[in-house]
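Colleague: Taken in order, the sequence shown gives residues 2 to 620; the numbers are from my numbering.
Even for Gly, the Cβ is constructed at its ideal location relative to N, Cα and C.
Below is a structure I'd like to ask you about.
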Amino acid sequence: MNRISFLKTIFDIADKYYLIAGTAFVLFYVVFKKRVSWKKIQPGFPRGRDYRREIFFSTLSIIIFALPPQVILQSNGIRTHSTFYKDISRHGWVYFFLAFPLMLLIHDTYFYWMHRFIHHPKLFKWFHLVHHRSTNPSPWAAYAFHPLEAFLESLIFVVFLFTIPVNKWLLLIFFVISLSYNVYGHLGYELYRPGFYRHWFGRWINTSVSHNMHHRYFSGNYGLYFLFWDRMMGTLRRDYDGAFRDVTERERQTGYGLKTFLFFMFFLPGIYQNACAQKDLGPKPQWIRPDDVRDPAVWGIRNGIVVGIWPAQIEKGRPGADGGPRGLLRIGYEYMGVIYHINYIAVEPVVDGDMEFSEVSPSQVDWKWGKFFWASDTSVAGSFLPSACARGKITHPDPQNPETEELSLYIFMEKFLDGAHPYLRLSIRSDHPGELGLEIFNEQNSAVMQRCALTATMGNYSRLRLLYLKDQVIDSRKLFAGYDDIEFAEKESYPSSRMLRNKRGDFIAVAEPGESFPELASWPQEPAYLASWAWRYRPFYKLTQYWRKELQGSDSSLVVRVNGRAKYWSGGSDDKSRYINIPGGPAFENFELRENYHAGQKFYFGLTQKTAKELIGGF
């Protein structure tokens, strides 16, 4: 191989990549970052180390991309067997212009099937995980491939050079257009106009929103230029149209469009220095919180987790409904403007070896089940009122990413009968919208707590049946096989040594439904079930649920625990005729991490539309 020629090929690819990706990065992530923030698909921006990782792997990919044209075109013995030609008159101008769309179709087909191939669980980690570390991609992610994936990507040139006649100018034009569209796909911003996805032409064209969703959820939307294969093979995500509409509708509120942006681009050299000096915080997170402290007690973030306390309901229900029992955090998920109630989190302190349950422990106010919970913006408890009492504080917790916001508030509760008196600090970060942080503290008058468990206590609503450990997937249908009573079914907990870990070393427990979405959404058409329709799964998507515990601050007592139910809860009645079987068999009811108590200990509860395998693959 001629080294000089090889280096020239590398530089020919590199200069175009750095020019196109670099220009897009400077314009969208530096100069006009704030001005075009309404077009940002995901809130927040990658960190500096993410950009460095993307550029590093892109540089490796460029070197690999240079190999096929170098080996084939610089070797007389191989080139003579290829379809490469120099003189355009050999095949004529008509073919020259028709060949380009043909190349796009061939490349899109090759990419789609290759892309699906490397998403196979046995291949994903080795080929594609590097690229998917960019869950909120930037233009630098366009070529950020593992060398094995880069090699597969480069083979498209081999396909061209041995299938259809290709001229050197065709290869150059194709490369520039392909690179440009790839950068657009990873741009993190949508440039097409509202309604494009409904147009007879636009519904077949891949968009930045489509590919961004693939990076965010790790599945679906596998195409490169077009959506032909995704639509034909049923791999286009069902929520694509809504996501595209949500992003592009924001443009109408500002009046800025792509033409305006391109006009600004010509003035880049003159305004670059001034624009870089501005403090750009990017698109503002869309928080859900009370407008007034007298409003219902509900807090959260758009396209993410929502939390509320009695008597507020977080999902629109029947008139007069209060969202369920007292003594619980209501946990919901907002998507496309609709909040669905997904789970509850109960507080369960242990004093002298005995556990008390916040949702069934009687209040010392009226001696009915359920402790009174109330909120505050400060660590000063105050007293119960049946309203929000707090809007929640917005702070910027990450100096390296000032656009990141955090909404936080305190949740106080009555003293338990055993003398335990815990309180919580809740937090949601805009860069992790699916996660709720829960820190546990105790009042000065509290009895000593050996443990203060926070448990997600309504797993059977989502029919959680699969618990993912490091070495095993626990299936509730097998774990509780044959159980048919109305009480909880208990089993041993699992130590932290068996728990999954992410790249930071955090301990993570993941649970998901054991059914397809159509099965989960179905509901028996029988009188007993129709009378208990509140247990019917109502969201139009599946959610995976998980707990996370940071490595720092954890101890050897950490375990993950689940118990099960074969029948839906019916208010604690002893009358078995009031209970109905959970369709499909026993499901997990309580899902929690347990650890010896210390003031300030923190757990994270998360909801995501990713499947468990997609979530774990991102670790």
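Beta-carbon separation of E415 and Q365 under 8 angstroms?
Modeller: yes
Colleague: Starting from the Cα of R117, find the closest Cα among A22, D13 and G235 and give me that residue.
Modeller: The candidate whose alpha carbon is nearest that of R117 is G235.
Colleague: Determine the DSSP secondary structure at S377, reduced to helix, strand or coil.
Modeller: strand
Colleague: Here's a check: name, in chain order, each residue in its chain whose Cβ is nearer than 7 angstroms to the Cβ of M500, leaving out the five neighbours to either side.
Modeller: L470, K471, F508, I509, A510 and V561
Colleague: Taking 8 angstroms as the threshold, find out whether the segment 184-194 comes into contact with the segment 202-211 through three or more Cβ pairs.
Modeller: At 8 angstroms Cβ cutoff, the stretches touch.
Colleague: Does the beta-carbon distance from N597 to D556 come in below 8 angstroms?
Modeller: yes
Colleague: From the DSSP output, in three-state form, read off L172 for me.
Modeller: helix
Colleague: Measuring only the C-alpha atoms, how far is T84 from E407?
Modeller: 58 angstroms
Colleague: Hey, Q610 and Y547: beta-carbon distance below 8 angstroms or not?
Modeller: no
Colleague: Suppose the cutoff is 6 angstroms on Cβ atoms and the five residues either side in sequence are ignored; what does the same chain contact list for F442 look like?
Modeller: Y424 and A600
Colleague: Leaving out five residues before and five after F175 in sequence, what residues of the same chain have Cβ atoms less than 7 angstroms from its Cβ?
Modeller: F101 and M104
Colleague: Candidates E316, D51 and A490: which alpha carbon is nearest V299's?
Modeller: The candidate whose alpha carbon is nearest that of V299 is E316.
Colleague: Over what stretch of residues does the alpha helix (DSSP H) that includes E154 continue unbroken?
Modeller: P148 to L162
Colleague: Should T255 go down as buried or exposed, given a rule of 16 or more other Cβ atoms within 10 Å for buried?
Modeller: With a pLDDT of 43 at T255, under the threshold of 50, the predicted position of this residue should be treated as unreliable, though the coordinate-derived value follows. Exposed, by the Cβ-count rule.
Colleague: Does the distance from the CB of Y341 to the CB of G333 come in under 8 angstroms?
Modeller: yes
Colleague: Pick from L68, P166, F125 and D109: whose alpha carbon is nearest that of T81?
Modeller: P166
Colleague: Spell out the partners DSSP gives P496 in its beta bridges.
Modeller: V560
Colleague: Which whole runs of the beta strand (DSSP E) in the segment 320-402 are 3 residues long or more, in chain order?
Modeller: 329-336, 339-352, 374-377 and 394-396
Colleague: To the nearest angstrom, how far is it from the Cα of F12 to the Cα of G460?
Modeller: 55 angstroms
Colleague: For F202, name the three-state secondary structure that DSSP assigns.
Modeller: coil
Colleague: How should S59 be labelled, buried or exposed, when 16 other C-beta atoms within 10 angstroms of its C-beta is the threshold for buried?
Modeller: buried
Colleague: How about the segment 222-238 and the segment 105-115: do they share at least three Cβ pairs that are nearer than 8 angstroms?
Modeller: At 8 angstroms Cβ cutoff, the stretches touch.
Colleague: Cα separation between A389 and M356?
Modeller: Cα to Cα, the separation comes out at about 29 angstroms.
Colleague: Note the first and the last residue of the continuous alpha helix (DSSP H) segment covering K568.
Modeller: First-last for K568: undefined, no H or E at that position.
Colleague: If I follow the unbroken beta strand (DSSP E) through R549, where does it start and stop?
Modeller: T545 to K550
Colleague: Look up L425 in the DSSP assignment and give the residues it is bridged to.
Modeller: Under DSSP, the beta-bridge partners assigned to L425 are I412 and I441.
Colleague: Comparing the C-beta of R246 with each C-beta of chain D, is any distance below 8 angstroms?
Modeller: Of the protein chains in this structure there is only one, and it is not chain D.
Colleague: Would you mind working out which of A244, R239, I157 and G325 sits nearest H303, comparing C-alpha positions?
Modeller: Reading the sequence as shown, one finds Arg at residue 303 and not His. Here the closest residue by C-alpha is A244.
Colleague: Going by Cα to Cα distance, which pick from G309, Q287 and K550 is closest to P387?
Modeller: G309
Colleague: Use the C-beta contact count for I5: other C-beta atoms within 10 angstroms, 16 or more gives buried, fewer gives exposed.
Modeller: It is exposed - the Cβ of I5 has fewer than 16 other Cβ atoms within 10 Å.
Colleague: Could you round the C-beta distance between A376 and Y411 to whole angstroms and report it? I think they count as a contact, below 8 angstroms.
Modeller: With 8 angstroms as the limit, A376 and Y411 qualify as a contact, their Cβ atoms being about 7 angstroms apart.
Colleague: For G618, report the span of its beta strand (DSSP E) as first-last.
Modeller: Going by DSSP, G618 is part of no beta strand (DSSP E) but of the alpha helix (DSSP H) stretching over A613 to G618.
Colleague: Please name the residue in P584, V474, K550 and W534 whose C-alpha comes closest to that of K614.
Modeller: V474
Colleague: Are the beta-carbon atoms belonging to A448 and V348 less than 8 angstroms from one another?
Modeller: no
Colleague: Looking only at its own chain, which residues have a Cβ that is under 7 angstroms from the Cβ of Y144, when we skip the five neighbours before and after it?
Modeller: Y18, S59, S62 and I63
Colleague: If I'm right that P350 touches F413 with Cβ under 8 angstroms, what's the distance once you round it to whole angstroms?
Modeller: The pair is not a contact, with the Cβ atoms about 14 angstroms apart (cut-off 8 angstroms).
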